[in-house]
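**Student:** So for the sequence shown, our numbering puts the first residue at 2; every next one is plus one. Submitted below is the structure of interest, expressed as structure tokens.
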Amino acid sequence: MTAFSQDFPHGITCIDTGYWRPGFAAAYLLIEGGEALFIETGPSHAVPRLRATLAHKGLSPEALRAILVTHVHLDHAGGAAELLNHLPEAQLRVHPRGLRHLLDPTQLQAGAEAVYGPERFQSLLGTVQPADSQRTKSTEDQEMVGWPGRPLTILHTPGHALHHQCIWDPTSGGLFTGDAFGISYRIFDQGEERLLFPATTPVQFDREASHHTLDRLAALSPKWLFLTHFGPVPFTNRLTDRLHTLLDRFADLADLHGAQKGPEPLTEALHQLLYQECPPALPPLSDALCRDWLAMDCALNAQGLRVWQQRRSC
Ligand SMILES: [Zn+2]
């Protein structure tokens, strides 16, 4: 354990990448038999933390086999190319639809700058390097990665994005979900209750594919969802049902507010909905705190829902 990482059974370490605020975005380190791999990297700002975690675990850079990214959005993979340069034996593995964006991040960077604005982009996401083409490879659905005694399965999981994949670790019962199984911050936890809501970020969100992916993932009956935003959440069918319902309610709100000029009414409607979704007995969580924590997600989700809606109407 370090100031920004926490250990879990089966050699899993959750690392807070420091993206935006503590407790907001994670990367994971999996260690098996003296070797290791990363799942997610966070943006380039996170690379020192990832390397410090390796040093803390007594692992040499050569012990790293792979970097698996769930998708190429920069809060998940922005630092992948830079990290790869520090890990001489590692391969970077990405969904085939994300491969070209890691090799040439120009379009990815322009897209993120359009969403965040240039200044915010710099402070949040920093520089994005092109990845070493010799060591960056695409994955296949159902491909086995990991180790003979510790298989990990890649699952291609469209919905949040067409270039999204999850990683299934039957040894721990852990499913590394990226953004395919929603977002859930620990500050909202109340006893067993969790606030979990969909990530409908621009520009490839698709409601039907998201439902289908949720069904496919839930059928694995995982014990744990290792979310990128943020940390491990015990899997339950109830959470899954709620996420299906919220996907439809998000879409209904998009229908209700989508025709309006700007995204603000939809952003506000999403905030109201999520405030109602917060575990009921959460005493100190004022509307202001809730608004503060969910501001970025409500704004991005509203933008993504509007893009989805425009795509449907063309
Ligand atoms: Zn994300």
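Positions of the beta carbon are idealized from the N, C-alpha and C atoms, including for glycine.
1) Given the structure, does Asp17 come close to ligand 1, in the sense that its CB is under 8 Å from one of the ligand's heavy atoms?
2) Using the beta-carbon count (16 or more within 10 Å), is Gly118 buried or exposed?
3) Would a C-beta distance cut-off of 9 Å place Ile168 and Ile155 closer than the cut-off?
4) How close, in whole Å, do the beta carbons of Thr71 and Thr14 come, if the pair is a contact with beta carbons under 8 Å?
5) Along the chain, where does the alpha helix (DSSP H) that runs through Ser124 open and close?
6) With DSSP collapsed to three states, give me the class of Thr54.
7) Taking the CB atoms as reference points, tell me whether Ala82 and Pro159 lie closer together than 9 Å.
8) According to DSSP, is Leu196 part of a helix, a strand, or is it coil?
9) Since Thr140 and His96 are thought to touch, with beta carbons under 8 Å apart, how far apart are those beta carbons, to the nearest angstrom?
10) Buried or exposed: where does Pro149 fall if 16 or more other Cβ atoms within 10 Å of its Cβ makes it buried?
11) Thinking Ala255 and Gln310 are a contact (beta carbons under 8 Å), I'd like their distance in whole angstroms, please.
12) Would you tell me roughly how many angstroms separate the C-alpha atoms of Asp288 and Asp190, rounded to the nearest one?
13) What is the rounded straight-line gap between the Cα of Gly175 and the Cα of Leu301?
14) So, using beta-carbon positions, are Val129 and Leu109 closer together than 9 Å?
15) Considering only residues of the same chain and omitting the five flanking positions on each side of Leu248, which have a CB-CB separation below 7 Å?
16) Within the present structure, is the beta-carbon of His165 separated from the nearest heavy atom of ligand 1 by less than 8 Å?
17) Pull up the distance between the alpha-carbon of Gly232 and that of Cys299, whole angstroms please.
18) So what does DSSP say about Ser314, is it helix, strand or coil?
19) Is any non-hydrogen atom of ligand 1 found closer than 8 Å to the C-beta of His102, if you look at the structure I gave you?
**Tutor:** If we stick to the structure as given:
1) no
2) exposed
3) yes
4) No, Thr71 and Thr14 are not in contact; Cβ-Cβ is about 17 Å, not under 8 Å.
5) 119-126
6) helix
7) no
8) coil
9) 6 Å
10) exposed
11) 5 Å
12) 16 Å
13) 27 Å
14) yes
15) Pro199, Arg208, Ser211, His212
16) no
17) 20 Å
18) helix
19) no
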